[in-house]
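**Q** If you use my numbering, the sequence shown corresponds to residues 1 to 325, in order.
Yeah, the Cβ is synthetic: ideal placement off N, Cα and C, and Gly gets one too.
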Amino acid sequence: MPTVPTADEILDRSFRRAAKKRKEKINKDRANEEFVRAVGAAIHDRLVYIIRGFPEFEEIPPFYREMAEILYGIDRIKQSLGAVGWAAKHTKMVGHEIAVQTRRSTETLVLRKRAVARLASMVHQIDKDLRFLNEVRNTLRKLPHIEDAFTVVIAGYPNVGKSSFIRLVSSATPEIASYPFTTKGVIVGLREQGRDRIQFVDTPGILDRPAEERNPIERQALSAMMNVASVILFILDPSEHCGYPMEMQLRLLDEVKGMVNVPLVVVASKSDIRVQEGYRSMSTETKEGVDGVLEELLSYRPAWLASRKADEGPADQKPDNSPAV
Numbered sequence: 001m002p003t004v005p006t007a008d009e010i011l012d013r014s015f016r017r018a019a020k021k022r023k024e025k026i027n028k029d030r031a032n033e034e035f036v037r038a039v040g041a042a043i044h045d046r047l048v049y050i051i052r053g054f055p056e057f058e059e060i061p062p063f064y065r066e067m068a069e070i071l072y073g074i075d076r077i078k079q080s081l082g083a084v085g086w087a088a089k090h091t092k093m094v095g096h097e098i099a100v101q102t103r104r105s106t107e108t109l110v111l112r113k114r115a116v117a118r119l120a121s122m123v124h125q126i127d128k129d130l131r132f133l134n135e136v137r138n139t140l141r142k143l144p145h146i147e148d149a150f151t152v153v154i155a156g157y158p159n160v161g162k163s164s165f166i167r168l169v170s171s172a173t174p175e176i177a178s179y180p181f182t183t184k185g186v187i188v189g190l191r192e193q194g195r196d197r198i199q200f201v202d203t204p205g206i207l208d209r210p211a212e213e214r215n216p217i218e219r220q221a222l223s224a225m226m227n228v229a230s231v232i233l234f235i236l237d238p239s240e241h242c243g244y245p246m247e248m249q250l251r252l253l254d255e256v257k258g259m260v261n262v263p264l265v266v267v268a269s270k271s272d273i274r275v276q277e278g279y280r281s282m283s284t285e286t287k288e289g290v291d292g293v294l295e296e297l298l299s300y301r302p303a304w305l306a307s308r309k310a311d312e313g314p315a316d317q318k319p320d321n322s323p324a325v
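1) Considering only their Cβ atoms, is the gap separating V153 from M246 smaller than 8 Å?
2) Around the Cβ of H145, are there at least 16 other Cβ atoms within 10 angstroms (buried) or fewer (exposed)?
3) Can you give the Cα-Cα distance for K128 and P158, rounded to whole angstroms?
4) Going by beta carbon distance, what residues of the same chain come within less than 8 Å of A88, once the five residues before and after it are set aside?
5) What three-state label does DSSP hand F132 in the structure shown?
6) Might you give, ordered along the chain, the residues of its own chain that have their beta carbon closer than 6 Å to the beta carbon of L11, omitting 5 neighbours on each side?
7) Go ahead and label E33 buried or exposed: buried means 16 or more other beta carbons lie within 10 angstroms of its beta carbon, across all protein chains shown.
8) Can L119 be considered in contact with the ligand HEM, in the sense that its beta carbon sits closer than 7 Å to one or more heavy atoms?
9) Can you grab the Cα-Cα spacing for the pair V290 / L305, in whole Å?
10) State yes or no: is the C-beta of C242 within less than 8 Å of the C-beta of V160?
11) So what's A306 in DSSP terms, helix, strand or just coil?
12) So what does DSSP say about V188, is it helix, strand or coil?
13) In chain order, what residues of the same chain lie with their CB nearer than 6 Å to the CB of P365, ignoring the 5 residues before and after it?
14) Are the C-beta of E147 and some C-beta of chain D separated by less than 8 Å?
15) Out of V275, V262, M259 and V201, point me to the one whose CA is closest to D237's CA.
16) Report, in whole angstroms, the separation of the C-beta atoms of V293 and R280, which I expect to be a contact under 8 Å.
17) Alpha carbon to alpha carbon, how far is K20 from R13?
18) By the three-class DSSP mapping on this structure, what secondary structure does P319 have?
19) By the 10 Å Cβ neighbour count, where 16 or more other Cβ atoms means buried, how is L378 classified, buried or exposed?
20) Given this structure, state the Cα-to-Cα distance separating V94 from F15, to the nearest angstrom.
21) May I ask you to report which of helix, strand or coil DSSP gives T183?
22) Which ranges does the beta strand (DSSP E) cover as unbroken runs of at least 3 residues, wholly within the segment 83-169, from first to last along the chain?
23) Under 8 Å between the Cβ atoms of E296 and V256?
24) Which residues bound the alpha helix (DSSP H) around F63?
25) G194: which of K309, F150 and L253 sits nearest, CA to CA?
26) Does the separation of the CB atoms of A229 and V262 fall below 8 Å?
27) Span of the beta strand (DSSP E) holding R197?
28) Cα-Cα, which of P2, E66, V116 and V4 is closest to R37?
29) Can you give me the start and stop residues for the alpha helix (DSSP H) that V231 sits inside?
30) Cα separation between R103 and R17?
31) With V290 as the anchor, note down where its alpha helix (DSSP H) starts and where it stops.
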């Protein structure tokens, strides 16, 4: 999404563009007419460019759609885009109308000044919308990049070995990107699997305290992140070196179980320090058991692929792209 300029920035740029057009005319009256027509068109073009820079929210991945709704409200964003659309339509219309009047008038300078005042007034009416849309743009572009791929969301308290596991199973250095409302980074690691990629996502800063201590935005963001999961890996630390007793960790595990409807794999980490009976064990320090955990996670991929194909429908059923009559 491109940067959204303020009303004054749009007007300044449009007036300078129109002034160049006016200099191309030798006749003063025709120059004033050309200026009016050009400034209306320049404002219109810039406003349309802003609107086209925003996605169709119904068509973007659910994670980003949910985050836009959580942070700003999609209806509010659309309302501001509608205001910009109104201004685009009417600035071009007013520019054309006054340009026609200028051609028939002997007082072209007066009409030029009138056009400038009316156009500037309309653009300033949407200045709050422009500033709001630029804030939306600056925030959404900072969201972590979540691909439409088989995704392992890793849950558990801090320091249980989540980020260490991602670094061990990812084929590249994990990307770290912050949510707009937390200083801690979401860690995204990718693993090449044939032609496809497997995505591992950790959510520090959101899932590191009891549910009753999370604010509404954090709870919804957690829900959004869980919704991108193909499978959940929940890591426990039986040694409690993470700083959280097993009782708290198991309560969080119960919360996560009630939050998702995808497969959940529970693993006890730091097996080099302590082994917890009843759970698969691994150690990111010695790497013991890590491959087995990865193998179990990837065992859910065929079912996920089959589900995706079922959702897409028959391969030979092509969408009708013919224009509407």
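**A** Quick look at the numbers:
1) Cβ atoms of M246 and V153: not closer than 8 Å.
2) exposed
3) 40 Å
4) I43, H44, L47, V48 and I51
5) helix
6) Excluding sequence neighbours, L11 sits near A120 and V123.
7) buried
8) The ligand HEM is absent from the structure shown, which contains no ligand whatsoever.
9) 24 Å
10) yes
11) helix
12) strand
13) Residue 365 lies beyond the residue range present for the chain, which begins at 1 and ends at 325; the question has no answer from this structure.
14) Reference to chain D is not applicable here, since this structure consists of a single protein chain.
15) V275
16) 7 Å
17) 11 Å
18) Confidence is the limiting factor: at P319 the pLDDT is only 46, short of 50, which leaves the residue's position unreliable, though a coordinate-based value still follows. Coil, per DSSP.
19) Nothing can be reported for residue 378: it is not among the residues displayed for the chain, which extend from 1 to 325.
20) One C-alpha to the other measures close to 15 Å.
21) With a pLDDT of 44 at T183, under the threshold of 50, the modelled position of that residue is not reliable, and no figure is offered here.
22) Fully enclosed beta strand (DSSP E) runs of no fewer than 3 residues occupy 150-155 of the segment 83-169, in order along the chain.
23) no
24) F63 -> alpha helix (DSSP H) spans P62 to L71.
25) F150
26) Taking 8 Å as the Cβ cut-off, A229 and V262 qualify as a contacting pair.
27) For R197, the uninterrupted beta strand (DSSP E) run begins and ends at D196 to D202, by DSSP.
28) With distances taken between Cα atoms, R37 lies closest to V116.
29) It is not in any alpha helix (DSSP H) - V231 instead sits in the beta strand (DSSP E) that spans V231 to L236.
30) 20 Å
31) V290 to L298
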